[in-house]
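The structure appears below as structure tokens.
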Amino acid sequence: MAGSSRKSTVRKRNSPAADAGDDISGGNIRHRSRHQSDNGAERSLIRIFNINIKTLLVFGILLSSVASFLIYRLVNTLEEPEMPRVVTPFPAPKLMDLPMFQGEHKESLYWGTYRPHVYFGVRARTPQSLVAGLMWIGVTEGRYSMRHICQNSDDLKTYGWIRHNGRDYGHQILVDHEMTLSTSFLKSKGSDSGYGGDWAVRIEVENDKFTPTEETPKLVHLFFYVADESENTLNLGREDMGIHGDSLLATGLHSDFGNWQLHLKSKDEFEFHHAGFRTQHIHNLSDLVQANLGVQARRYGRLRLSDTSEDSSNILVFQISARIPFTADIVFLSGILLEDSRVQERVVNLSGTLLTNHLSEKQRDFDDNFQRRFNLLDEPDSESVAVGRAALANLLGGIGYFFGQSRISFPNPFKIKHKSDFVSYWPAELYTAVPSRPFFPRGFLWDEGFHQLLIWRWDLRISLDILGHWLDLMNVDGWIPREQILGAEALSKVPEEFVLQHPTNGNPPTLFLVLRDMICSIKAKKLAATESNEIAIFLDRAFVRLDAWFKWFNTTQSGKDASSYFWHGRDGSTNRELNPKTLSSGLDDYPRASHPSGEERHLDLRCWMHLAADCMHSIVEILHSENVLGKVYGSTAKMLSDFELLNQMHFDDGHGAYFDYGNHTEKVRLSWQVVEGDNGYPSRELLREVLEKPMLRLVPHIGYVSLFPFMGRLIPPESWILEKQLDLISNRSTLWTGFGLRSLAKTSSLYMKHNTEHDPPYWRGPVWINMNYMILSALHHYSRVDGPYREKAKIIYSELRNNLIRNVVGNYRQTGYFWEQYDQKTGKGKGTRMFTGWTSLVLLIMAEDYNTC
1 MAGSSRKSTV
11 RKRNSPAADA
21 GDDISGGNIR
31 HRSRHQSDNG
41 AERSLIRIFN
51 INIKTLLVFG
61 ILLSSVASFL
71 IYRLVNTLEE
81 PEMPRVVTPF
91 PAPKLMDLPM
101 FQGEHKESLY
111 WGTYRPHVYF
121 GVRARTPQSL
131 VAGLMWIGVT
141 EGRYSMRHIC
151 QNSDDLKTYG
161 WIRHNGRDYG
171 HQILVDHEMT
181 LSTSFLKSKG
191 SDSGYGGDWA
201 VRIEVENDKF
211 TPTEETPKLV
221 HLFFYVADES
231 ENTLNLGRED
241 MGIHGDSLLA
251 TGLHSDFGNW
261 QLHLKSKDEF
271 EFHHAGFRTQ
281 HIHNLSDLVQ
291 ANLGVQARRY
301 GRLRLSDTSE
311 DSSNILVFQI
321 SARIPFTADI
331 VFLSGILLED
341 SRVQERVVNL
351 SGTLLTNHLS
361 EKQRDFDDNF
371 QRRFNLLDEP
381 DSESVAVGRA
391 ALANLLGGIG
401 YFFGQSRISF
411 PNPFKIKHKS
421 DFVSYWPAEL
431 YTAVPSRPFF
441 PRGFLWDEGF
451 HQLLIWRWDL
461 RISLDILGHW
471 LDLMNVDGWI
481 PREQILGAEA
491 LSKVPEEFVL
501 QHPTNGNPPT
511 LFLVLRDMIC
521 SIKAKKLAAT
531 ESNEIAIFLD
541 RAFVRLDAWF
551 KWFNTTQSGK
561 DASSYFWHGR
571 DGSTNRELNP
581 KTLSSGLDDY
591 PRASHPSGEE
601 RHLDLRCWMH
611 LAADCMHSIV
621 EILHSENVLG
631 KVYGSTAKML
641 SDFELLNQMH
651 FDDGHGAYFD
661 YGNHTEKVRL
671 SWQVVEGDNG
681 YPSRELLREV
691 LEKPMLRLVP
701 HIGYVSLFPF
711 MGRLIPPESW
721 ILEKQLDLIS
731 NRSTLWTGFG
741 LRSLAKTSSL
751 YMKHNTEHDP
761 PYWRGPVWIN
771 MNYMILSALH
781 HYSRVDGPYR
791 EKAKIIYSEL
801 RNNLIRNVVG
811 NYRQTGYFWE
821 QYDQKTGKGK
831 GTRMFTGWTS
841 LVLLIMAEDY
851 NTC
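To convert, note that position 272 of the sequence shown is 272 in UniProt numbering; the numbers rise steadily by one, no gaps.
What follows is the structure in structure tokens.
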């Protein structure tokens with residue numbers, strides 16, 4: 001995964017006649033001066049001597065004023081430079097302003113579980129939202145600790161959504177050692193509700209497979225909170241919450257939906273405490289609560305909140321301490337009117353027996369829709385179906401809403417004191433799925449295309465909404481920051497070294513994967529007329545941005561030779577990496593040319609560009625446009641699919657494989673060397689040692705990159721080269737394992753090699769589901785078209801599919817999680833767990849649902 005542990009000057013598009021901030025007035029002054037000079041040439045020279053002293057004084061004052069103005073502009077330009085082009089938005093109507101994303105659609109998605117980085121959280125799709133969430137006290141290594149932010153160190157046995165429809169319903173199970181906690185979320189849009197409607201949360205706590213004894217904890221300490229990002233003051237409902245309390249927790253006022261109320265309903269006994277805080281830093285709420293508990297524990301010897309509030313608190317935390325088992329319903333009502341007679345009726349409708357009935361109905365609807373869309377009745381293992389449901393639910397439940405400003409790397413040429421080497425992008429919102437709630441709870445551009453392959457099949461409008469948000473992040477040059485770290489909560493989860501986004505670097509344009517899928521479905525007439533029409537409307541507005549995106553790649557990432565491309569951003573001066581990483585490719589440490597240079601040709605990027613060009617050509621056809629760009633994109637796609645040209649540039653006859661090209665030597669190693677340290681004393685460091693001079697050549701590493709022409713279906717079905725690719729895939733000494741295809745062949749000199757002392761292999765052996773999905777899609781294609789290798793492709797496809805499903809399902813059974821990658825030797829999950837981004841593609845593998853054109 002390209003990003004925090006995965007992951008030249010931009011050639012600018014044609015500028016308008018005058019960019020924002022240009023000194024137009026200065027230009028006019030100069031123009032007038034030339035005009036006056038011409039007129040003066042026709043006048044008598046005698047008039048020059050007739051200028052009186054007064055005119056000279058006026059002229060001198062004018063010159064002095066102009067000089068002062070120019071000095072002022074120079075000084076202020078140094079102190080406050082004008083907004084750089086890199087943070088100028090793309091000058092076109094926003095996709096999110098389309099009518100399809102307004103009105104009922106926008107309101108239906110207003111509330112949601114859009115805080116994937118916490119175990120349970122609710123917020124609205126608005127920059128200054130009312131935010132709610134859940135914490136509880138757990139035990140880690142014999143010590144109490146607060147559960148709030150998703151963290152692998154909490155060591156939960158499992159957690160995640162087992163059902164979630166992406167809109168108004170979700171059910172999640174969390175197993176914390178001997179305690180099972182479940183959260184259910186339901187939205188209700190009633191006639192009396194305010195904007196976005198009402199919602200309810202059911203919290204259930206049970207003991208996991210044992211009966212409590214005197215030695216085991218009998219109490220659970222839950223903390224439900226509500227916070228206002230606008231820092232509006234929240235009002236405490238009742239302070240005397242007690243047994244069977246029919247209780248109002250809090251009230252407030254929000255500009256979007258008016259007066260609101262938060263209620264708690266429970267039939268079980270509980271002890272209640274509260275605390276109120278005033279702070280801008282909601283992401284540090286766990287620390288505030290723990291500090292409050294610590295003071296009270298020292299004072300009373302008990303885990304309890306202080307029952308006090310700071311002045312004008314914008315955060316209220318409610319502690320519920322109860323014996324296990326315990327159930328509580330939290331009900332949020334919006335649009336409360338004065339003397340509203342239906343408040344209690346609305347609370348009853350979203351709690352107790354009626355809430356149980358609503359949740360049961362939503363569960364049945366989810367299961368029915370799941371079966372209808374993915375048709376897994378043929379799966380012999382019913383547990384596989386449950387894992388498929390969890391894959392979809394976790395992906396949808398991991399959709400988040402973020403607002404903030406990306407930090408863009410920007411050199412400070414004058415080294416001005418106190419000036420940072422970055423500029424801030426414009427304030428922007430992003431509605432997006434995330435790869436991993438505990439480790440990557442934010443948007444990643446190259447991941448998102450894979451996410452949408454699944455999401456659009458479930459809910460087209462949600463998928464178009466997400467795609468629109470991403471494309472609206474494009475700047476005037478057609479660049480989109482590849483990693484989105486928006487807002488304080490997102491920033492708190494990212495190491496500083498990965499925060500800055502570099503405008504010279506791209507990311508695979510995987511959004512074209514889902515756009516191609518949609519177009520293929522339209523052509524195959526698989527969609528309802530309304531869905532096809534919505535896609536066409538979206539593409540019509542998106543075209544200008546997609547065109548700019550393609551041109552950004554085509555200019556900034558192009559190679560020396562026609563139809564060649566290379567990923568920018570590799571460090572050609574490093575002496576610490578065995579092979580300089582290519583983070584922008586998404587395949588971080590996958591072996592490339594040992595010595596980065598402008599001579600490189602990156603095979604995967606060439607194939608991504610073919611996908612993009614072909615997709616753009618198809619979009620023009622779908623729109624029935626006479627746009628001349630349609631012919632241009634058609635010609636570009638034809639050139640990039642030219643089989644003879646592809647082979648000339650990237651194919652190696654000896655290996656029967658496709659490779660990158662660049663300045664390369666295989667004789668590179670890491671060795672311990674004595675160097676002078678920063679303190680002047682010698683120290684030992686693991687540094688790169690080059691044992692022979694590199695030369696321009698094909699880079700002989702077989703792996704995922706080698707299969708990109710196969711994945712792109714650029715190899716004719718009758719070609720002997722196709723058989724060579726099938727041999728590489730099925731050969732156990734290269735890529736084949738019983739758990740899926742490994743990312744790098746065992747024969748590679750860099751197979752499972754560390755890139756630095758502390759940088760273990762990432763894309764150098766382990767099995768990744770996104771690439772396996774694309775390979776399976778190609779195998780499925782070649783097993784269905786006429787050709788001499790059809791049956792061979794069919795056999796390999798069937799076995800690879802079974803291996804992948806069996807391993808992902810087996811790991812989920814054993815560990816309770818989906819994983820970032822899988823060990824090529826044992827099949828065990830590796831990397832970060834709770835990775836329900838592109839690993840959720842296992843559902844499409846189960847359903848055998850691939851691109852069909």
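Built from N, CA and C at the ideal position, the CB exists for glycine as well.
Values in this document were obtained by computation on a predicted structure and should not be read as measured data.
Residue i, DSSP secondary structure in three states
| i | result |
| --- | --- |
| I480 | coil |
| Q821 | strand |
| D759 | strand |
| Q505 | With the sequence shown as reference, residue 505 is identified as Asn, and Gln is not the correct amino acid for it. The answer is coil: DSSP assigns N505 none of H, G, I, E or B. |
| Q648 | helix |
| residue 858 | Because the chain is modelled from 1 through 853, residue 858 falls outside the range shown and cannot be assessed. |
| N165 | coil |
| P682 | strand |
| A390 | helix |
| G740 | strand |
| L841 | helix |
| P709 | helix |
| A132 | strand |
| K830 | strand |
| G586 | coil |
| T356 | helix |
| N235 | strand |
Beta-carbon proximity of residue i to residue j, cut-off 8 Å
| i | j | result |
| --- | --- | --- |
| Q484 | L467 | no |
| T836 | N349 | no |
| L486 | G404 | yes |
| S184 | W199 | no |
| V387 | V809 | yes |
| G478 | V434 | no |
| Y169 | F374 | no |
| H274 | V317 | yes |
| P481 | S406 | yes |
| R713 | Y431 | no |
| V423 | P325 | no |
| S313 | R278 | yes |
Status (buried if at least 16 other CB within 10 Å, exposed otherwise) for residue i
| i | result |
| --- | --- |
| R442 | buried |
| T530 | exposed |
| S840 | buried |
| W426 | exposed |
| K830 | buried |
| D38 | Summary for D38: the model assigns pLDDT 39, below 50, so the residue's position carries little reliability; its value from the coordinates is reported in the next sentence. Answer is exposed; the Cβ neighbour count stays below 16. |
| H617 | buried |
| H502 | buried |
| A488 | exposed |
| G3 | Caution applies to G3, whose pLDDT of 46 falls short of 50 and renders its modelled position unreliable; the value that the coordinates give is listed next. Burial call: buried. |
| V331 | buried |
Run of the beta strand (DSSP E) containing residue i, from where it starts to where it stops
| i | result |
| --- | --- |
| W260 | G258 to K265 |
| N663 | Y661 to H664 |
| M179 | M179 to S188 |
| I408 | R407 to S409 |
| G103 | No beta strand (DSSP E) holds G103; the alpha helix (DSSP H) holding it covers G103 to S108. |
| H221 | L219 to D228 |
| H254 | S247 to H254 |
| E206 | D198 to N207 |
| W672 | V668 to E676 |
| L696 | M695 to L698 |
Start-to-end residues for the alpha helix (DSSP H) that takes in residue i
| i | result |
| --- | --- |
| E123 | Looking at the sequence itself, residue 123 is Arg, so the reference to Glu does not match. Segment G121 to A124 is the beta strand (DSSP E) holding R123; no alpha helix (DSSP H) there. |
| Y425 | Per DSSP, Y425 belongs to no alpha helix (DSSP H) and is neither H nor E. |
| M771 | I769 to Y782 |
Considering only residues of the segment 275 to 353, which uninterrupted alpha helix (DSSP H) runs meet the minimum length of 4 residues and lie entirely inside it, listed in chain order?
285 to 300 and 343 to 349
Which complete alpha helix (DSSP H) runs does the segment 568 to 630 hold, if anything under 4 residues is left out?
603 to 622
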